[in-house]
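A short write-up of the structure that comes next.
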Amino acid sequence: MAVMIRCHSCGTDNLDSAQYCDQCGARLAPPVGRTLASASADEILTGSRRADSDSGRRPQKTLGSGEAARPLSARQAQPRQQGAVGSQGSPRARLVVIRSGRLGHEFPLTGTQWLVGRWDPDHGIFPDVDLDVDDLEANVSRRHARIVFQDGQYLIEDLGSTNGTFINRGARLIPGRRYLIQDGDELIVGKTFLKFIVE
């Protein structure tokens, strides 16, 4: 049975791997006995646990591109993606809506970290990639996923979303783990389809 974390703001039970509440989006405290000190070095650096020992799940191959949707630690042997770099040393990439909402709408990704989700001023949630208009059925969580540019690679992490995050129609990403994404990958956030493009 999975350990649950109770949200201090609204009282909702969330999976122990969630960093944010599925209901209200508040940041969650780690479960009792699970602190940064008890995390492995691999977990701290990549956000993953070795060999999925606590979940019993194994990474599965995606459909379509043949690339596996695996945690970063399982994909480190891949060549590093060298994205275009802006004048401030930050990467230049974008997400394009390819299904749902505003087809063709682009979200430029400047900087090194981007929150993907839906706008919620009442709870102070202002995502960099705001899918509020593109997600009329509210399948995207307020704090759904995070994309980061780290060590020359783009990584995506599901933040404990209700309806999941997928790469190239593969297996649902395990919340709290970072997965490598590359130019041309299709990301499914809730039921919104996005194309990841590196310029």
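If you want our numbering, it's the 1-based position in the sequence shown plus 10.
For each residue, glycine too, the CB sits at the ideal point set by N, CA and C.
These numbers were taken from a predicted model, which means no experiment stands behind them.
Residue pairing of E167 in beta bridges, as defined by DSSP: R156, R188. DSSP links L25 through a beta bridge to M14. Nearest to R102 by C-alpha distance, out of D142, L119, D138, C20, is L119. Judged by their CB atoms, I157 and W124 are nearer to each other than the 8 Å cut-off. Just measuring C-alpha positions, the residue of T202, Q192, L113, N149 sitting nearest Y164 is Q192. Inter-residue distance for H115 and P185 is about 26 Å (C-alpha atoms, whole angstroms). If you draw a straight line from the Cα of P137 to the Cα of G111, it is about 17 Å long.
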